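A.B. asks: Just dropping this structure here.
There are 2 protein chains.
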Amino acid sequence: MKSEETTFQTFEIIAFFLNYVLRLEKMTNHTPVTLKFLAEKLKMSVSTVSKALNNYPTINTYTKQRVQEMARELRFTPNKSAINLKERRSCIIGVILPNLLDHFFTRSIYGVEQFATQNGYNVIISQSHDELEKEIQSANMLLKSRVDGLIVAISKQTQDFAHLDQFEQMGIPVVYYTRNPSFNLSCHKVLGNTFQGCYQATQFLIDRGHQKIAYLGGPKMINFTHDRFNGYIHALKDNQLPFSSALVAYTDFDQENTISAIRKLFADPANSPTALVAFKEPILFDALKYLKTSDHPHFDQIESIGFGNNAFISYLDSPPIASVEENPESVGENAIKLLLRLINQEIDMSNHQKVIVDCKLVVHCG
Amino acid sequence: MKSEETTFQTFEIIAFFLNYVLRLEKMTNHTPVTLKFLAEKLKMSVSTVSKALNNYPTINTYTKQRVQEMARELRFTPNKSAINLKERRSCIIGVILPNLLDHFFTRSIYGVEQFATQNGYNVIISQSHDELEKEIQSANMLLKSRVDGLIVAISKQTQDFAHLDQFEQMGIPVVYYTRNPSFNLSCHKVLGNTFQGCYQATQFLIDRGHQKIAYLGGPKMINFTHDRFNGYIHALKDNQLPFSSALVAYTDFDQENTISAIRKLFADPANSPTALVAFKEPILFDALKYLKTSDHPHFDQIESIGFGNNAFISYLDSPPIASVEENPESVGENAIKLLLRLINQEIDMSNHQKVIVDCKLVVHCG
DNA sequence: CAATTAATTGCAAACGGTTTCGCTCTTAAT
DNA sequence: ATTAAGAGCGAAACCGTTTGCAATTAATTG
């Protein structure tokens with residue numbers, strides 16, 4: 000009886016000290032917890048420990064238990080760099096986009112992030128601020144980081160693609176989204192159906208009785224500026240409405256340029272538009288603000304629609320009558336899904352894909 | 000004479016073929032360009048190639064030239080995983096924040112990104128969407144990626160910090176910014192001077208003759224809600240204005256709650272506030288919108304100030320009279336700078352630092 | 001009891017770099 | 001002529017993990 004007790008006590012004391020040592024080792028974390036470290040503790044080989052943690056069938060169940068317990072105890076975390084080196088990949092997806100202050104891109108990131116992390120990838124976002132120089136820097140940085148794939152919305156300055164072509168030359172798939180190389184330069188792309196969005200917006204205004212609908216376009220460098228214009232044109236045509244170049248003007252994201260575009264559109268008081276379709280909501284807001292202050296005679300009768308469906312609209316006193324919702328989350332989601340299939344070689348890189356995401360008209364007024 | 004020409008031609012032909020072979024090798028990129036590959040091409044040892052590329056003084060200038068030229072030719076890019084493994088680091092900074100749709104955080108990223116990339120670090124951003132569960136997931140993901148440092152703005156649900164303490168236990172420095180563990184829980188932090196910001200806002204309204212100034216606070220879970228309240232209180236006190244609990248209400252980011260908070264503040268028509276200081280602009284916008292639709296008798300005389308200085312303010316018809324600019328870029332910049340110093344062991348991790356970034360009152364009305 | 005088979009475990013190479021150390025070969029100094 | 005110094009290069013270890021194969025032991029079979 001007594002000896003049993005003693006044995007038990009001894010056991011407890013040993014357990015206590017073992018725990019103590021373990022805790023000390025946790026605290027003085029100068030020796031990182033590696034497989035080798037675990038192996039020495041357990042008096043096993045590194046390979047056994049590795050296999051036990053990865054649940055190899057050839058490893059004894061009891062051994063697995065011991066190893067896994069110790070790993071948990073010492074908070075073992077496998078070194079990603081080592082695994083990446085071995086597996087010849089980085090588990091990183093690079094994203095280059097113009098600006099996170101633009102809610103379209105911020106929302107698109109949501110879709111990207113979700114599916115990336117679900118599949119064990121990390122996402123590095125890099126903003127070009129619509130400058131080619133920064134875009135090149137970002138691209139080079141991501142190339143050095145050896146991303147497994149790239150998702151990119153090009154800057155409005157980008158015309159040469161050498162910095163992005165590098166990736167494909169190294170076998171790294173690239174998916175362009177939203178903003179992409181114009182014309183028929185072949186690449187993988189995911190686009191909003193900006194034609195359909197603009198067509199619907201114009202149709203909506205026509206249905207409300209408008210005859211003179213102006214189109215305020217964005218930077219001509221951005222490819223889909225023209226698609227939107229085409230949507231506008233086709234809607235007019237399908238409704239037998241005349242097209243007038245006086246009703247079309249272009250601007251960029253600069254307020255000054257928007258104002259002069261609006262001045263042009265409303266230059267002829269006898270023939271001024273009663274409705275407006277705008278490339279992007281911030282531009283539309285600048286336009287409406289200017290129109291209001293410039294005391295346009297029928298300002299309150301002008302109905303407008305922009306792309307974006309910004310949450311801020313509900314705070315405006317004279318809000319656009321509707322918005323074109325571009326479903327950025329869905330665009331991002333489609334981009335990452337396509338990229339993952341390219342990475343996994345489910346699709347050949349040279350077999351260029353094109354995915355179109357429809358827009359939806361959201362009506363604001365009651 | 001003739002022999003010289005022949006030699007020259009021969010040389011050209013060789014050069015041409017060499018180029019051809021090199022291009023072929025570039026195209027069929029099945030063998031990745033590694034140091035070993037370069038070494039074999041150049042008939043040198045791997046170590047010489049490595050040293051030549053890293054400009055070691057012990058390597059002959061001519062050798063360096065040859066190596067660097069070949070490296071450029073074959074587009075050699077050192078494998079980051081291999082370097083990271085050797086250097087025992089990842090060159091990745093993790094950032095956990097509630098939401099990129101909040102311009103404060105988006106702008107703060109700008110400061111972080113800039114200094115991180117300048118110092119050779121990549122940034123992985125992870126959104127918690129103000130949910131503890133997601134924050135824990137993000138933290139674990141970043142821990143697995145073995146980030147070299149962490150910058151975090153906690154979710155409004157976070158009260159337990161085990162998932163973040165892990166990092167420091169593994170020797171990875173953590174800097175809390177903006178939102179941080181309340182009370183005197185010791186950690187590295189970079190904060191906006193939210194007390195001063197709120198004090199100035201209140202003082203500004205007092206200077207404009209307001210006597211009954213309401214304070215619309217944010218979620219009580221967010222630590223600096225109280226700092227702002229104190230700024231408000233102190234401004235009142237310093238101007239010998241009475242404090243009334245009827246003039247204080249709290250909400251979160253939910254519109255419904257904001258409306259009921261506003262109802263409470265303006266419940267007594269005889270004693271309703273003439274000015275309003277709000278925790279954050281989106282909340283203020285909700286409040287103003289409700290006040291306007293609820294036909295408050297002196298709506299147009301109510302002057303208000305919120306935190307944020309949102310760019311959209313210029314589009315509002317009845318904008319706040321001023322904004323508290325929180326300088327998010329500067330907050331982000333200070334956070335990454337502190338983190339880098341911790342990573343470089345210029346500051347001991349146990350020597351907890353606190354950095355305060357002042358706010359600035361921006362007046363909107365003419 | 002020897003021989004075969006099955007169950008575990010360990011060895012060692014590989015991933016792609018960096019870096020220490022030592023070796024060879026000049027060249028200058030003694 | 002001998003030695004010392006120094007320039008230039010290469011061998012090898014190392015970072016942490018995975019994995020094919022060999023080695024060991026135990027169990028089963030003829």
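The listed protein sequences derive, respectively, from chains Y and A.
If you count the first sequence from 1, position 178 lands on 177 in numbering that gives the first Met the number 0, and the numbers rise without skipping.
If you count the second sequence from 1, position 320 lands on 319 in numbering that gives the first Met the number 0, and the numbers rise without skipping.
Quick reminder that beta carbons are idealized off the backbone N, C-alpha and C, glycines included.
Please read these numbers as outputs of a predicted model, since none were measured by experiment.
Hey, which unbroken runs of the beta strand (DSSP E) at 3 residues or more fall wholly within the stretch 243-319 of chain Y?
C.D. replies: Runs of the beta strand (DSSP E) inside the stretch 243-319 of chain Y: 247-249, 274-277, 302-306.
A.B. asks: Using CA coordinates, which residue listed in T157(Y), H187(Y), I123(Y) is at the minimum distance from K219(Y)?
C.D. replies: Here residue 219(Y) refers to the residue found at position 220 when the first sequence is read from its first residue. The shortest Cα separation from K219(Y) among T157(Y), H187(Y), I123(Y) belongs to T157(Y).
A.B. asks: Quick check on T260(Y): buried or exposed, where buried means 16 or more other Cβ atoms within 10 Å of its Cβ?
C.D. replies: On the first sequence, position 261 is the one that residue 260(Y) refers to. It should be noted that the sequence gives Ala, not Thr, for residue 260(Y). Burial call: buried.
A.B. asks: Are the stretch 157-174 of chain A and the stretch 300-316 of chain A in contact at 8 Å, needing three or more beta carbon pairs?
C.D. replies: Output reads no: the stretch 300-316 of chain A does not touch the stretch 157-174 of chain A.
A.B. asks: Based on the DSSP output, what are the partners of E324(A) in its beta bridges?
C.D. replies: For the purposes of this step, residue 324(A) is taken as residue 325 along the second sequence, with counting starting at 1. DSSP, once it has assigned bridges, lists K359(A) as partnering E324(A).
A.B. asks: Under the DSSP definition of a beta bridge, which residues are partnered with K188(Y)?
C.D. replies: Within the first sequence, the letter at position 189 stands for residue 188(Y). In DSSP, K188(Y) forms a bridge with Y175(Y), K353(Y).
A.B. asks: Mapping DSSP to helix, strand and coil, what is V45(A)?
C.D. replies: Residue 45(A) sits at position 46 when you count from the first residue of the second sequence. V45(A) falls in the helix class under three-state DSSP.
A.B. asks: Using 8 Å as the threshold, is the C-beta distance between H363(A) and P319(A) below it?
C.D. replies: Counting from 1 along the second sequence, the entry for residue 363(A) is found at position 364. Counting from 1 along the second sequence, the entry for residue 319(A) is found at position 320. Yes, they are a contact pair.
A.B. asks: Taking Cβ positions only, does M69(A) come closer than 8 Å to chain Y?
C.D. replies: Translated into the one-based positions of the second sequence, residue 69(A) becomes position 70. No - not a single Cβ of chain Y is within 8 Å of the one on M69(A).
A.B. asks: At a CB-CB cut-off below 9 Å, which residues of chain A make contact with I108(Y)?
C.D. replies: The count along the first sequence starts at 1 and reaches residue 108(Y) at position 109. Residues of chain A passing the Cβ test: L99, I124, Q126.
A.B. asks: Mind pulling the chain A residues with CB within less than 7 Å of N83(Y)?
C.D. replies: Working through the first sequence from its first residue, we reach residue 83(Y) at position 84. Within 7 Å Cβ-Cβ: S80.
A.B. asks: On the premise that A234(A) lies in contact with Q202(A), defined as a C-beta separation below 8 Å, what is that separation, rounded to the nearest angstrom?
C.D. replies: Locating residue 202(A) in the second sequence gives position 203, where the first residue counts as 1. Locating residue 234(A) in the second sequence gives position 235, where the first residue counts as 1. With 8 Å as the limit, Q202(A) and A234(A) qualify as a contact, their Cβ atoms being about 5 Å apart.
A.B. asks: For D285(A) and Y231(A), what's the separation of their Cα atoms in angstroms?
C.D. replies: In the second sequence, the residue the question calls residue 285(A) occupies position 286. In the second sequence, the residue the question calls residue 231(A) occupies position 232. Each residue's alpha carbon lies about 21 Å from the other.
A.B. asks: Quick one: grab the DSSP three-state call for G331(A).
C.D. replies: Walking along the second sequence from the start, residue 331(A) turns up at place 332. It is helical.
A.B. asks: The stretch 282-301 of chain A: which residues have C-beta closer than 7 Å to a C-beta of chain Y, in chain order?
C.D. replies: So the close ones are F284, K288.
A.B. asks: Going by beta-carbon coordinates alone, are L360(A) and V323(A) separated by less than 8 Å?
C.D. replies: As a working note, residue 360(A) is residue 361 in the second sequence. As a working note, residue 323(A) is residue 324 in the second sequence. Against a cut-off of 8 Å, the Cβ pair of V323(A) and L360(A) comes out as a contact.
A.B. asks: Smallest Cα separation from T273(Y): which of P281(Y), P296(Y), G216(Y)?
C.D. replies: On the first sequence, residue 273(Y) is found 274 positions in, with the first residue counted as 1. For the residues P281(Y), P296(Y), G216(Y), the minimum Cα distance to T273(Y) belongs to P296(Y).
A.B. asks: Shortest alpha-carbon distance to Q254(Y) belongs to which of P241(Y), K236(Y), V247(Y), I282(Y)?
C.D. replies: In the first sequence, residue 254(Y) corresponds to position 255, counting from 1. Checked all of P241(Y), K236(Y), V247(Y), I282(Y); the closest Cα to Q254(Y) is I282(Y).
A.B. asks: So Y231(Y) is in the alpha helix (DSSP H); what residue range does that whole segment cover?
C.D. replies: What you label residue 231(Y) is simply residue 232 of the first sequence in a count that begins at 1. 223-237 is the span of the alpha helix (DSSP H), which, as asked, contains Y231(Y).
A.B. asks: From I342(A) to K263(A), what does the alpha carbon distance come to, in whole angstroms?
C.D. replies: The residue given as residue 342(A) occupies position 343 in the second sequence. The residue given as residue 263(A) occupies position 264 in the second sequence. Cα to Cα, I342(A) sits roughly 49 Å from K263(A).
A.B. asks: Helix, strand or coil for K1(Y) per DSSP?
C.D. replies: Here residue 1(Y) corresponds to residue number 2 of the first sequence, with the count starting at 1. Unreliable positioning characterises K1(Y) in this predicted model, as indicated by a pLDDT of 44, which lies under 50. A coordinate reading is not provided.
A.B. asks: Are the beta-carbon atoms belonging to C358(A) and G216(A) less than 8 Å from one another?
C.D. replies: The residue given as residue 358(A) occupies position 359 in the second sequence. The residue given as residue 216(A) occupies position 217 in the second sequence. No. Outside cutoff.
A.B. asks: Looking at chain Y, which residues of the stretch 137-155 of chain A have a Cβ within less than 9 Å of any of its Cβ atoms?
C.D. replies: Those residues of the stretch 137-155 of chain A that come within reach of chain Y (Cβ to Cβ, closer than 9 Å) are S137, M140, L141, L142, K143, S144, R145.
A.B. asks: Which chain Y residues sit within Cβ distance under 7 Å of S322(A)?
C.D. replies: Residue numbering aside, residue 322(A) sits at position 323 when the second sequence is read from its first letter. Simply none; closest approach about 14 Å.
A.B. asks: For the beta strand (DSSP E) that contains I123(Y), what are its first and last residues?
C.D. replies: As a first step, residue 123(Y) must be located in the first sequence, where it is residue number 124. Its beta strand (DSSP E) spans residues 121-126.
A.B. asks: Using C-beta distances below 7 Å, list every residue in its chain close to L34(A), excluding the 5 sequence neighbours before and after it, in chain order.
C.D. replies: In the second sequence, residue 34(A) corresponds to position 35, counting from 1. Hits under 7 Å: V45, V48, S49.
A.B. asks: Starting from the Cα of Y249(Y), find the closest Cα among V276(Y), T30(Y), I92(Y), Q239(Y) and give me that residue.
C.D. replies: Here residue 249(Y) refers to the residue found at position 250 when the first sequence is read from its first residue. Among V276(Y), T30(Y), I92(Y), Q239(Y), the Cα nearest to that of Y249(Y) belongs to V276(Y).
A.B. asks: Straight-line CA distance for F265(A) to K279(A)?
C.D. replies: If you number the second sequence from 1, residue 265(A) lands on position 266. If you number the second sequence from 1, residue 279(A) lands on position 280. Between F265(A) and K279(A), the C-alpha separation is close to 19 Å.
A.B. asks: Is the beta carbon of N53(A) less than 8 Å from the beta carbon of S144(Y)?
C.D. replies: Position 54 of the second sequence, counting from 1, holds the residue named residue 53(A). Position 145 of the first sequence, counting from 1, holds the residue named residue 144(Y). Cβ distance not < 8 Å, so N53(A) and S144(Y) don't count as in contact.
A.B. asks: To the nearest angstrom, report how far apart K85(Y) and I355(A) are at their CA atoms.
C.D. replies: As a position in the first sequence, residue 85(Y) is number 86, starting the count at 1. As a position in the second sequence, residue 355(A) is number 356, starting the count at 1. Going from the Cα of K85(Y) to the Cα of I355(A) covers about 44 Å.
A.B. asks: Looking only at its own chain, which residues have a Cβ that is under 8 Å from the Cβ of P94(A), when we skip the five neighbours before and after it?
C.D. replies: As a first step, residue 94(A) is located in the second sequence; it is residue number 95 there, counting from the start. The amino acid at residue 94(A) is misidentified as Pro; the sequence shows Val. Correct list, in chain order: I108, V111, V122, I123, I124, S125, L149, I150, V151.
A.B. asks: A70(A) and Y176(A): beta carbons closer than 8 Å?
C.D. replies: Position 71 of the second sequence, counting from 1, holds the residue named residue 70(A). Position 177 of the second sequence, counting from 1, holds the residue named residue 176(A). No, they are not a contact pair.
A.B. asks: Tell me which residues share the same chain as A51(A) and place their Cβ nearer than 7 Å to its Cβ, disregarding the 5 neighbours each side in the sequence.
C.D. replies: Indexing the second sequence from 1 puts residue 51(A) at position 52. Excluding positions up to five away in sequence, the list reads I58, T62, K63, V66, Q67.
A.B. asks: Find the residues of chain A that neighbour S89(Y), judging by a C-beta separation of less than 8 Å, and give them in chain order.
C.D. replies: Taking the first residue of the first sequence as 1, we reach residue 89(Y) at position 90. The answer, in chain order, is K79, S80.
A.B. asks: Verify the CB distance criterion: does Y120(A) have a CB-CB separation below 8 Å to chain Y?
C.D. replies: Numbered from its first residue, the second sequence carries residue 120(A) at position 121. Judged by the 8 Å Cβ criterion, Y120(A) is not in contact with chain Y.
A.B. asks: Whole alpha helix (DSSP H) runs in the stretch 55-89 of chain Y with 4 or more residues, listed along the chain?
C.D. replies: For the stretch 55-89 of chain Y, whole alpha helix (DSSP H) runs of length 4 or above, ordered along the chain, are 60-72, 79-86.
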